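Visitor: One structure, pasted below without further comment.
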Amino acid sequence: MDLITAPTTNATGNEVRVRFCPSPTGTPHVGLIRTALFNWAYARKTGGTFIFRIEDTDASRDSEESYEQLVEALRWLGLDWDEGIDVGGPHEPYRQSQRGEVYQDVIQKLKAAGHLYESYLNADEIKERNLAAGRDPQMGYDNSERELSDSERERYIAEGREPALRLRVPDQDISFTDLVRGEITFPKGSFPDFVLVRPGGQPLYTLVNPVDDALMGITHVLRGEDLLSSTPRQIVLYNAMYDIGVAKFIPQFGHLPFVMGEGNKKLSKRNPESNLFLHRDRGFIPEGLLNYLALLGWSIAADRDIFTLEEMKQSFAIGSVNPNPARFDQKKADAINSAHIRLLSDADFANRVLPYLQSAGLITSDPTAKRAGNHQHRRTATKRAHDRALRVGWHARLLLSDSAEVEFEQAAIESLPENAKEVVSAALEVLKPLQDFGAQSIQAALNAELVERLELKPRIAFGPVRVAISGRRVTPPLFESMEILGKDLSLGRLEAFLIRPLR
RNA sequence: GGCCCCAUCGUUUAGCGGCCUAGGACGCUGCCCUCUCACGGCAGUAGCGCGGGUUCAAAUCCCGCUGGGGUCACCA
29 MDLITAPTTN ATGNEVRVRF CPSPTGTPHV GLIRTALFNW AYARKTGGTF IFRIEDTDAS
89 RDSEESYEQL VEALRWLGLD WDEGIDVGGP HEPYRQSQRG EVYQDVIQKL KAAGHLYESY
149 LNADEIKERN LAAGRDPQMG YDNSERELSD SERERYIAEG REPALRLRVP DQDISFTDLV
209 RGEITFPKGS FPDFVLVRPG GQPLYTLVNP VDDALMGITH VLRGEDLLSS TPRQIVLYNA
269 MYDIGVAKFI PQFGHLPFVM GEGNKKLSKR NPESNLFLHR DRGFIPEGLL NYLALLGWSI
329 AADRDIFTLE EMKQSFAIGS VNPNPARFDQ KKADAINSAH IRLLSDADFA NRVLPYLQSA
389 GLITSDPTAK RAGNHQHRRT ATKRAHDRAL RVGWHARLLL SDSAEVEFEQ AAIESLPENA
449 KEVVSAALEV LKPLQDFGAQ SIQAALNAEL VERLELKPRI AFGPVRVAIS GRRVTPPLFE
509 SMEILGKDLS LGRLEAFLIR PLR
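Counting from 29, one number per residue, gives the positions in the first sequence under the numbering used here.
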């Protein structure tokens with residue numbers, strides 16, 4: 029039970045070593061990615077090293093698919109790493125599932141130095157002991173096996189038991205200076221001796237995470253707030269590792285605010301908004317998503333919130349991260365994303381639209397999918413879609429689809445005036461005889477009929493037509509859209525709208 | 001329940017003792033631009049949880065309360 033004597037690192041500049049160390053369970057969560065982003069930004073700002081390690085110590089929950097998604101996520105976003113998965117480095121391997129020997133070695137040393145001791149009591153027995161002693165069972169383990177006698181140990185072994193290994197926690201207050209929250213102190217007795225190794229020798233996260241951080245020389249641990257209360261435990265472990273020469277210092281810690289969902293709860297993995305790839309599928313570009321994620325706890329300036337990754341890496345400061353929990357606001361995220369889309373060149377935008385058209389089945393080698401396959405069409409359509417794109421792929425898909433069937437957005441339906449069908453019907457009649465189905469000619473015809481003859485306000489006149497054509501309230505320029513779609517498709521969509529039940 | 005964290009418009013964020021009759025952004029509302037929605041421009045809406053201190057002066061510092069969250073696993 030040595031008191032904490034290990035020094036805390038004061039590494040700066042290119043001595044900084046940070047890591048992103050997810051466990052591959054499920055699909056990448058935006059909160060997790062925010063953590064990756066901040067670590068990345070800190071490394072890039074300081075000129076330090078960004079390490080990507082995988083914590084796959086729970087074979088029952090980890091999956092290879094999830095692992096691949098994690099790698100894909102960072103690659104897609106452009107968060108490059110200097111050491112770790114795929115790229116290698118001086119501390120290979122970077123997957124914990126392949127580091128078993130490393131941990132066994134540390135466990136032996138820790139045990140030999142008396143920092144770990146054998147614990148034979150199971151959860152039920154611990155609870156019973158607390159109850160018998162009048163202690164609140166929620167207090168957890170009572171450290172009663174610290175000085176087990178040989179005879180007691182032999183009796184357990186005779187019963188066929190195998191011990192878990194617990195760390196001796198010193199009886200002292202534990203303080204550290206959190207990079208985002210300042211000084212934090214946990215009073216002595218805040219937690220009991222905890223398990224680092226399962227019966228049978230399987231090391232737990234409580235051991236392997238600090239062991240790898242120590243071995244890999246991690247200087248700054250930036251992670252979610254949910255790990256805040258395990259920090260004093262880790263400091264105790266670091267101290268033990270320092271004692272046996274495995275750790276050279278205690279890293280600095282910074283706990284990033286939670287990413288909240290609806291209500292006052294953490295954005296759960298069940299919530300679709302938490303799924304990084306769902307945002308990508310909906311048409312988020314990396315620039316937009318990264319910018320929004322950065323805003324979840326950090327800001328570049330008081331009067332500005334659109335910025336690039338490059339700008340972030342030049343001005344990121346962990347000390348200016350806001351400790352408040354941040355709510356994931358889809359509307360704001362959409363707005364940030366669309367601002368970035370508008371910053372794209374037309375050519376760049378067109379390239380980014382391509383994958384969406386492909387996955388929508390609009391670009392194939394099938395000769396009957398002629399419209400989307402037509403380069404001229406595609407260029408015009410994507411260019412037109414660019415101006416108002418909230419999300420990539422959204423509008424272009426509509427303009428290039430060969431279908432008269434349109435998916436209607438709820439907001440679009442709600443925006444319709446009472447006489448929507450009459451308006452569309454009138455539009456249909458005046459468009460039918462049109463020889464020249466160019467934007468100008470369409471506009472002239474609709475204007476003469478709806479605005480001048482029927483005296484409708486332009487909003488009332490064109491709104492229903494827009495919705496009928498696109499199913500949406502916001503679209504690329506209406507008349508050009510109709511031209512791109514062509515006469516047959518345009519009229520087909522108007523007709524389909526007329527026989528569709530509204531509301 | 002023990003321990004820890006958090007607390008500025010609906011949301012997010014600026015503010016680190018006087019520059020604050022609290023600024024920006026998203027949202028919302030209105031107007032302008034456009035014979036259309038959007039984009040863009042302009043205007044408006046709305047906030048320092050409560051109570052004590054400290055100070056000439058507090059959104060800003062301290063204490064308490066209240067509220068919210070997290071964590072107490074042989075998960076990570």
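Ideal placement from N, C-alpha and C gives every residue a C-beta, glycine not left out.
These numbers come from a predicted model, not from an experiment.
Count the C-beta pairs between the region 344 to 354 and the region 413 to 425 that are closer than 8 Å, then say yes if the count reaches three, no if not.
Guide: Too few Cβ pairs lie closer than 8 Å, so no.
Visitor: Answer yes if the region 276 to 294 comes into contact with the region 249 to 261, meaning at least three C-beta pairs across the two stretches below 8 Å, and no otherwise.
Guide: Counting Cβ pairs under 8 Å, three or more are found: they touch.
Visitor: So, Ala409 versus Leu428, is the Cβ gap smaller than 8 Å?
Guide: Residue 409 sits at position 381 when you count from the first residue of the first sequence. Residue 428 sits at position 400 when you count from the first residue of the first sequence. Yes. Within cutoff.
Visitor: Just to check my reading of the structure: Pro220 and Val197 have Cβ atoms closer than 8 Å, yes? What is that Cβ distance to the nearest angstrom?
Guide: Here residue 220 refers to the residue found at position 192 of the first sequence. Here residue 197 refers to the residue found at position 169 of the first sequence. Contact flag correct, Cβ pair sits at about 7 Å.
Visitor: Quick one: Cα of Pro50 to Cα of Glu93, how far?
Guide: For the purposes of this step, residue 50 is identified with residue 22 of the first sequence, where counting begins at 1. For the purposes of this step, residue 93 is identified with residue 65 of the first sequence, where counting begins at 1. The alpha-carbon atoms of Pro50 and Glu93 are separated by roughly 14 Å.
Visitor: Is it right to say Met29 is buried, meaning 16 or more other beta carbons lie within 10 angstroms of its own, or is it exposed?
Guide: In the first sequence, counting from the first residue as 1, residue 29 sits at position 1. In this prediction, Met29 scores a pLDDT of 48, lower than 50, which makes its location untrustworthy; no coordinate-derived value is stated.
Visitor: With three or more C-beta pairs closer than 8 Å as the rule, is the region 299 to 306 touching the region 52 to 60?
Guide: As far as the Cβ criterion goes, the region 52 to 60 touches the region 299 to 306, which means the pair count is three or higher.
Visitor: Where do the ends of the beta strand (DSSP E) carrying Arg194 lie?
Guide: The count along the first sequence starts at 1 and reaches residue 194 at position 166. Where Arg194 is concerned, the enclosing beta strand (DSSP E) stretches over 192 to 195.
Visitor: Could you pull the DSSP bridge partners for Ser147 from this structure?
Guide: Locating residue 147 in the first sequence gives position 119, counting from the first residue. Ala192.
Visitor: Restricting to Cα atoms, I'd like to know which of Phe48, Thr77, Thr74 is closest to Ala64.
Guide: For this step, residue 64 is matched to residue 36 along the first sequence. With distances taken between Cα atoms, Ala64 lies closest to Phe48.
Visitor: In the DSSP output, what is Asp206 paired with across the bridge?
Guide: Here residue 206 refers to the residue found at position 178 when the first sequence is read from its first residue. Its beta-bridge partners are Gly210.
Visitor: Tell me which residue opens and which closes the alpha helix (DSSP H) that Arg308 is part of.
Guide: Counting from 1 along the first sequence, the entry for residue 308 is found at position 280. Run containing Arg308: 304 to 310, per the alpha helix (DSSP H) assignment.
Visitor: What whole-angstrom Cβ distance do Arg194 and Leu144 have, given they're in contact under 8 Å?
Guide: Here residue 194 refers to the residue found at position 166 of the first sequence. Here residue 144 refers to the residue found at position 116 of the first sequence. Rounded, the Cβ-Cβ distance is 7 Å, consistent with contact.
Visitor: Going by DSSP in three states, Gly252 sits in which element: helix, strand or coil?
Guide: The residue you call residue 252 lines up with position 224 of the first sequence. Three-state result, Gly252: strand.
Visitor: Pull up the distance between the alpha-carbon of Met510 and that of Ala69, whole angstroms please.
Guide: Residue numbering aside, residue 510 sits at position 482 when the first sequence is read from its first letter. Residue numbering aside, residue 69 sits at position 41 when the first sequence is read from its first letter. Cα to Cα, the separation comes out at about 45 Å.
Visitor: Given a threshold of 16 other Cβ atoms within 10 Å of its Cβ, counted over all protein chains shown, does Glu111 qualify as buried or as exposed?
Guide: Within the first sequence, numbered from 1, the residue matching residue 111 stands at position 83. Result: buried.
Visitor: If you compare alpha carbons, which of Asp333, Thr77, Pro505 is closest to Gly41?
Guide: The count along the first sequence starts at 1 and reaches residue 41 at position 13. When only C-alpha atoms are compared, the closest one is Thr77.
Visitor: Between Thr336 and Ala361, what straight-line distance do the alpha-carbon atoms span, to the nearest angstrom?
Guide: The residue labelled residue 336 in the question sits at position 308 within the first sequence. The residue labelled residue 361 in the question sits at position 333 within the first sequence. About 15 Å.
Visitor: What are the boundary residues of the alpha helix (DSSP H) that includes Thr234?
Guide: Position 206 of the first sequence, counted from the first residue, corresponds to residue 234. 233 to 243 is the span of the alpha helix (DSSP H), which, as asked, contains Thr234.
Visitor: Taking contact to mean at least 3 C-beta pairs separated by less than 8 Å, is the region 467 to 486 in contact with the region 378 to 389?
Guide: Touching, no.
Visitor: Could you check whether Val493 and Leu474 sit closer than 8 Å to each other, using their CB atoms as the reference points?
Guide: As a first step, residue 474 must be located in the first sequence, where it is residue number 446. As a first step, residue 493 must be located in the first sequence, where it is residue number 465. Against a cut-off of 8 Å, the Cβ pair of Val493 and Leu474 comes out as a contact.
Visitor: Taking a contact to mean a Cβ-Cβ separation below 8 Å, would you say Glu508 touches Ala455 in this structure?
Guide: The residue labelled residue 508 in the question sits at position 480 within the first sequence. The residue labelled residue 455 in the question sits at position 427 within the first sequence. Result no, Cβ atoms of Glu508 and Ala455 do not sit closer than 8 Å.
Visitor: Near Gln262, which residues of its chain fall below 6 Å by C-beta distance, leaving aside the five closest residues on each side in sequence?
Guide: Translated into positions along the first sequence, residue 262 becomes position 234. Pro238, listed in sequence order.
Visitor: So, for Phe436: in the same chain, excluding its five sequence neighbours on each side, which residues have a beta-carbon less than 6 Å away from its beta-carbon?
Guide: Here residue 436 refers to the residue found at position 408 of the first sequence. These residues qualify, in order along the chain: Gly499.
Visitor: Secondary structure at Met29, three-state DSSP: helix, strand or coil?
Guide: By 1-based counting over the first sequence, the position of residue 29 is 1. With a pLDDT of only 48 at Met29, under the threshold of 50, the placement of this residue in the model should not be trusted, and no figure is reported.
Visitor: Quick one: what's His283 bridged to in DSSP?
Guide: Translated into the one-based positions of the first sequence, residue 283 becomes position 255. Answer by DSSP bridge pairing, in chain order: Arg251.
Visitor: Grab me the residues of Pro165's own chain with a C-beta within less than 7 Å of its C-beta, minus the 5 sequence neighbours each way, in chain order.
Guide: Indexing the first sequence from 1 puts residue 165 at position 137. These residues qualify, in order along the chain: Lys155, Asn158, Leu159.
Visitor: Measure the C-alpha to C-alpha separation of Leu234 and Asp86 and round it to an integer number of angstroms.
Guide: In the first sequence, the residue the question calls residue 234 occupies position 206. In the first sequence, the residue the question calls residue 86 occupies position 58. The question names Leu, yet the displayed sequence has Thr at residue 234. Each residue's alpha carbon lies about 12 Å from the other.
Visitor: Flag this pair as yes or no: are the beta carbons of Gly595 and Arg123 separated by less than 8 Å?
Guide: Any property of residue 595 remains undetermined from this structure, which presents the chain solely from 29 to 531.
Visitor: Leu390 to Ala400, Cα distance in whole Å?
Guide: Taking the first sequence and counting its residues from 1, the one referred to as residue 390 is at position 362. Taking the first sequence and counting its residues from 1, the one referred to as residue 400 is at position 372. Computed Cα separation, rounded: 6 Å.
Visitor: Between the alpha carbons of Ser218 and Ser203, how many angstroms are there, rounded?
Guide: Taking the first residue of the first sequence as position 1, residue 218 is located at position 190. Taking the first residue of the first sequence as position 1, residue 203 is located at position 175. Near 12 Å, if we compare the C-alpha coordinates of Ser203 and Ser218.
Visitor: Leaving out five residues on either side along the sequence, give the residues of the same chain with a beta carbon under 7 Å from the beta carbon of Gln404.
Guide: The residue given as residue 404 occupies position 376 in the first sequence. Taken in chain order, the list of residues that qualify is empty.
Visitor: With a floor of 4 residues, list each alpha helix (DSSP H) that falls wholly inside the region 326 to 409, ordered by position along the chain.
Guide: 337 to 343, 358 to 371, 374 to 387, 398 to 401, all fully within the region 326 to 409.
Visitor: Give the single residue among Glu433, Asp201, Gly59, Glu120 whose Cα lies nearest to the Cα of Leu321.
Guide: The count along the first sequence starts at 1 and reaches residue 321 at position 293. Per the Cα distances, Gly59.
Visitor: Pop quiz: Leu530 and Ile441 are said to be a contact at Cβ under 8 Å. What is the actual Cβ separation, rounded to whole angstroms?
Guide: Against the first sequence, residue 530 aligns to sequence position 502. Against the first sequence, residue 441 aligns to sequence position 413. About 7 Å; that satisfies the 8 Å criterion.
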